[in-house]
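Okay, structure first, notes after.
Residue numbers (my numbering), protein chains in the order written: chain D, 358 to 477; chain H, 65 to 684.
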């Protein structure tokens, strides 16, 4: 059975790109979220194997969403999607419970390496 | 046992130990009651003796042994050393240094140390050896850092994005197994982009070393993980401990470097192919090879890096001897000797530095009487320093002497036709160029020390051959500073590829300030020559096409222009087209006779076509 993924990003472009990369590698994208609040709600409902999380999103950012999700499910496997220059935020997200991160611009190989690490 | 295999090792290691003896003798000379230097000389002599004995070099062994015996006596009675004794020790170290290569060449039996041995006998207060071979052990190991548990040292791979975040992940992985404390550097550092990817922490938990290492590695992009105590800890604020290294025959590294050079060329070709392919797999492989190759290159360059003290160490002694010979008082200081550069470059800069230091002592620093007259401290100062920035090392020789006499140089240069008559001023830069003319010297008489007029010329050409540049700052009565700017490493450099006619040429990026469009409207005249106006600055213009004598017509109108910069000097280099950037492997170069002196070497481009490498320093 393929792994299920929830993709959280406020940009459709990024969601599409990440979904494509993951779908091509055999993952099943079961849901998308545009805001941190949506991410938390969908996670509760869908219980996906993996979450990709943008850092900057409206209505609750990615880091707060990570905190919320991990409070309910400490084993949640969350992969942060960040841009150059956001190192401090990524460090914060990891402290909040994120399991790995990738840096934009995404190289599919790097994304998949990180996903493999997160899913162990 | 075939000892010849060890000869090279013996030679390098001896040099190191005798070098540290000489260094310690200098310290000892400054304070005859000091005990630390005695111990250092004793230990160096003892180690050297052991190695010489193992090689079967009996004459070297005997001299070292007798010296050690004497030192043992002195050691037990600090303060008994005299200047005469130190002079003798200096001469012994010199004799041993000179004897090493001879012995290695098979001439140990011919070494005659009788006079020195006789002096040793006379100097020995107690003629009988004490029989104590015990080596004082210096307590190098620092107190264990606060917090218990195993020490874990992690290096995040260089070139990785967000190494700090990676480091934080590594710590989280370890925390999943047990307790983590004493994180160094503090975790707050991880948020900074400058974090260099090296961290350590202490781990308390039941997990085995192996599973701990596996956990940390699962953070991704981890270059290395080591569990266990360090043998020597570098503490900030303390003088940097000279690191012990394993010895590898330099030829091995050179061979490896050449192979990596080949790999870089092949990688270049692969990247070109990947750029035009539709296969995402090929693109991915090419990108991966690209990353691995540059990491590999980085590692090998790192392995060839050698701290500059290996060359600097001999200078305190040289300056001391020189200043004595010239009856001058000179305080010699060295800074930044822990900075590292490529062994191949380091080996080449000894001679230029000797020239600069000799000049500083001989021509720079005034006599004590003269200095008093000018209200300067009686003791002159010479500072030798090494400073590293991202792509180069600046090595500086600074003295507080009389400075270079501009008018004298000017007069002589005009008289000898190096400068047009009527020239009345000389900038520091022009001054350096005049001094660098072959055979130019203003010294009234040729002394034993310097002033034969070969110095500056040799310095400039050597540094240029290494891809570096020299700068001069001098002020009358205040002193002179010579700065040699050298690349960190030879062999592989990033270059801008430019096309002229059918040929491509490589311009090392280190000499490129920027690229602009050449606009014929913005051409002015500078001393009768074509000059390009760039943001109100007049730049001498070199049209590469014309300089090379390329047949055919230049594309009309605007043309790409590379602004070259070496030190403060700039010029505009007009080419037909810019092709792109590439890592190139610099091949040693014997310029054919009659070739334009504007090339430093050649390289093979990714597609197998050779290209010449332009020397920015020759054009500006």
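By construction, the Cβ of each residue, glycine as well, lies at the ideal position given by its N, Cα and C atoms.
Under the DSSP assignment, residue 539 (chain H) falls in the beta strand (DSSP E) whose first and last residues are 533-539.
Interface annotation for the region 466-500 of chain H against chain D: empty, criterion Cβ-Cβ distance under 8 Å. Between residue 268 (chain H) and residue 213 (chain H), the CB-CB gap stays under 8 Å. The beta carbon of residue 404 (chain D) is closer than 7 Å to none in its chain, skipping five residues each way along the sequence.
DSSP, read as helix, strand or coil, puts residue 310 (chain H) in coil.
Taking residue 277 (chain H) as reference, the option from H:445, H:218, H:253, H:259 with the minimal CA-CA separation is H:218. The straight-line gap separating the alpha-carbon atoms of residue 100 (chain H) and residue 136 (chain H) is approximately 13 Å.
Its chain contains 675 as the residues whose beta carbon lies nearer than 6 Å to that of residue 669 (chain H), once the 5 sequence neighbours on both sides are disregarded; these appear in chain order.
Around the CB of residue 370 (chain D), fewer than 16 other CB atoms lie within 10 Å, so the residue is classed as exposed.
Between residue 368 (chain H) and residue 406 (chain H) the beta-carbon gap is near 5 Å, inside 8 Å, which marks them as a contact.
Around residue 466 (chain D), the beta-carbon contacts reaching into chain H at under 9 Å are 348, 351, 352. Contact of residue 401 (chain D) with chain H is not assigned, every C-beta pair being separated by 8 Å or more. DSSP places residue 125 (chain H) within a helical segment (H, G or I) once states are collapsed to three.
Excluding five sequence positions before and after residue 357 (chain H), the CB atoms of its chain that fall closer than 7 Å to its own CB belong to 327, 328, 331, given in chain order. Shown here, residue 456 (chain D) sits in coil according to DSSP, grouped into three states, outside any helix or strand. When the Cα atoms are used, residue 533 (chain H) and residue 550 (chain H) turn out to be separated by approximately 7 Å.
No Cβ of chain H is located within less than 8 Å of the beta carbon of residue 426 (chain D).
Counting the other CB atoms within 10 Å of its CB gives residue 113 (chain H) a total of 16 or more, which places it among the buried residues. Separation of residue 679 (chain H) and residue 382 (chain H) (C-alpha to C-alpha, rounded to the nearest whole angstrom) is 34 Å. Counting only residues of its own chain and dropping the five nearest sequence neighbours on each side, residue 447 (chain D) has a CB closer than 7 Å to the CB of 437, 439, 458. Listed along the chain, the chain H residues whose CB falls inside 7 Å of the CB of residue 457 (chain D) are 233, 284. With a 10 Å radius around the Cβ and a threshold of 16 neighbouring Cβ atoms, residue 624 (chain H) comes out buried. The region 475-485 of chain H and the region 440-455 of chain H do not touch, with fewer than three beta-carbon pairs separated by less than 8 Å.
When C-alpha distances from residue 360 (chain D) are compared across D:374, D:373, D:388, D:367, the shortest belongs to D:388. Residues of chain H whose Cβ lies closer than 8 Å to the Cβ of residue 470 (chain D) are, in chain order, 284. Identification of residues in the region 435-446 of chain D having a C-beta nearer than 9 Å to some C-beta of chain H yields 437, 439, 441, 442, 443, 444, 445, 446, given in sequence order.
For residue 474 (chain D), at least one C-beta of chain H is nearer than 8 Å to its own C-beta. Residues of chain D whose Cβ lies closer than 8 Å to the Cβ of residue 254 (chain H) are, in chain order, 444, 448. Pairing residue 166 (chain H) with residue 115 (chain H) gives a Cβ-Cβ distance that is not under 8 Å. Here residue 609 (chain H) is buried, its C-beta having at least 16 other C-beta atoms within 10 Å.
A straight line joining the alpha-carbon of residue 471 (chain H) with that of residue 435 (chain H) spans about 21 Å. Taking a 10 Å sphere around the C-beta of residue 233 (chain H), we find 16 or more other C-beta atoms and assign the residue as buried.
When the five nearest sequence neighbours on each side are left out, the beta carbons in the same chain lying within less than 6 Å of the beta carbon of residue 526 (chain H) are those of 416, in order along the chain. By the CB criterion at 8 Å, residue 465 (chain H) and residue 429 (chain H) fall inside the cutoff. Taken in chain order, the complete beta strand (DSSP E) segments of 3 residues or longer contained in the region 318-390 of chain H are 369-371. Of all C-beta pairs linking the region 167-179 of chain H to the region 238-251 of chain H, fewer than three are shorter than 8 Å, placing the two stretches out of contact.
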